[in-house]
């Protein structure tokens, strides 16, 4: 029997215990939460993986299937960017996102696992293939939602990144006029 390649996603809950000095319980919680969001483990006094949340297994598709997924992801990214570029007068409006995450791509393309969660592994494969061929660029940014920590990978086309970079260069010049 031929070997097949599988991707296995293991989700678990982790508990991290911090020891901080603060004037009140609320201040201590806020300080510990800020350190956790930053990934600062200097005051962590313990950590344990305590609860298995789930295991998801999927067979990795063949090269042709990956290429089809990459084309769908590229069309989604480019169509989205063209709409933003045409309709939004203020590209720096905080409601406009300059790039999308792996989860965003999976949700918008309707890629779901059997348990109905977004198929982020499928989206990651497609976006990685697009990055390797330089049709899409990837960058990281700190997570900004409450309760999240670390960085998130975001993706956009080089054309869109160039447009946004050009707008950044124009803004300081306009301010000096």
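In my numbering, the protein residues as written are 7 to 183.
Idealized CB from N, CA, C, for every residue including glycine.
Can you give me the start and stop residues for the alpha helix (DSSP H) that residue 126 sits inside?
Stepping through the chain shown from its first residue, residue 126 is reached at position 120. Counting along the chain, the unbroken alpha helix (DSSP H) around residue 126 starts and ends at 126–138.
Residue burial classification, residue 33 (beta-carbon count within 10 angstroms, cutoff 16):
By 1-based counting over the chain shown, the position of residue 33 is 27. That one is exposed.
Beta-carbon gap between residue 141 and residue 160 smaller than 9 Å:
Translated into the one-based positions of the chain shown, residue 141 becomes position 135. Translated into the one-based positions of the chain shown, residue 160 becomes position 154. No, the pair does not count as a contact, with Cβ atoms beyond the cut-off.
Using only CA atoms, which one of 118, 87, 125, 111 lies nearest to residue 166?
By one-based count along the chain shown, residue 166 stands at place 160. Ranking 118, 87, 125, 111 by Cα distance to residue 166 puts 87 first.
Best match in 42, 57, 49, 104 for proximity to residue 20 [C-alpha to C-alpha]:
Looking up residue 20 in the chain shown gives position 14. Of the candidates 42, 57, 49, 104, the one whose C-alpha sits nearest the C-alpha of residue 20 is 57.
Go to residue 69, then tell me how far its alpha helix (DSSP H) extends in each direction, as first and last residue.
For the purposes of this step, residue 69 is taken as residue 63 along the chain shown, with counting starting at 1. Residues 69–93.
Where residue 44 falls: helix, strand or coil (DSSP):
Sequence index remark: in the chain shown, residue 44 carries index 38 (1-based). If DSSP states are grouped into helix, strand and coil, residue 44 belongs with the helices.
Buried or exposed (CB count within 10 angstroms, at least 16 for buried), residue 111
To locate residue 111, count along the chain shown from 1; it is residue 105. By the 10 Å Cβ count, residue 111 comes out buried.
Residues bridged to residue 22 (per DSSP)
As a first step, residue 22 is located in the chain shown; it is residue number 16 there, counting from the start. Its beta-bridge partners are 53.
I'd like to know whether the C-beta atoms of residue 66 and residue 13 end up nearer to each other than 9 Å.
Here the question's residue 66 lines up with position 60 in the chain shown. Here the question's residue 13 lines up with position 7 in the chain shown. Cβ atoms of residue 66 and residue 13: closer than 9 Å.
Could you tell me the distance, in whole angstroms, from the CA atom of residue 37 to the CA atom of residue 27?
One-based indexing of the chain shown puts residue 37 at position 31. One-based indexing of the chain shown puts residue 27 at position 21. Each residue's CA atom was taken as its position, placing residue 37 and residue 27 some 9 Å apart.
Beta-carbon separation of residue 6 and residue 133 under 9 Å?
The structure shown has nothing for residue 6, since the chain only spans 7 to 183.
Span of the beta strand (DSSP E) holding residue 143?
The residue labelled residue 143 in the question sits at position 137 within the chain shown. For residue 143, the enclosing beta strand (DSSP E) begins and ends at 143–148.
Tell me, which residues are paired with residue 160 by DSSP?
Reading the chain shown from its first residue, position 154 is the one you call residue 160. DSSP lists 145 as partners of residue 160.
What are the start and end residues of the alpha helix (DSSP H) that includes residue 110?
One-based indexing of the chain shown puts residue 110 at position 104. DSSP places residue 110 inside the alpha helix (DSSP H), whose first and last residues are 108–114.
For residue 43 versus residue 149, is the C-beta spacing smaller than 9 Å?
Locating residue 43 in the chain shown gives position 37, where the first residue counts as 1. Locating residue 149 in the chain shown gives position 143, where the first residue counts as 1. It is a contact, given that the beta carbons lie within the stated cut-off.
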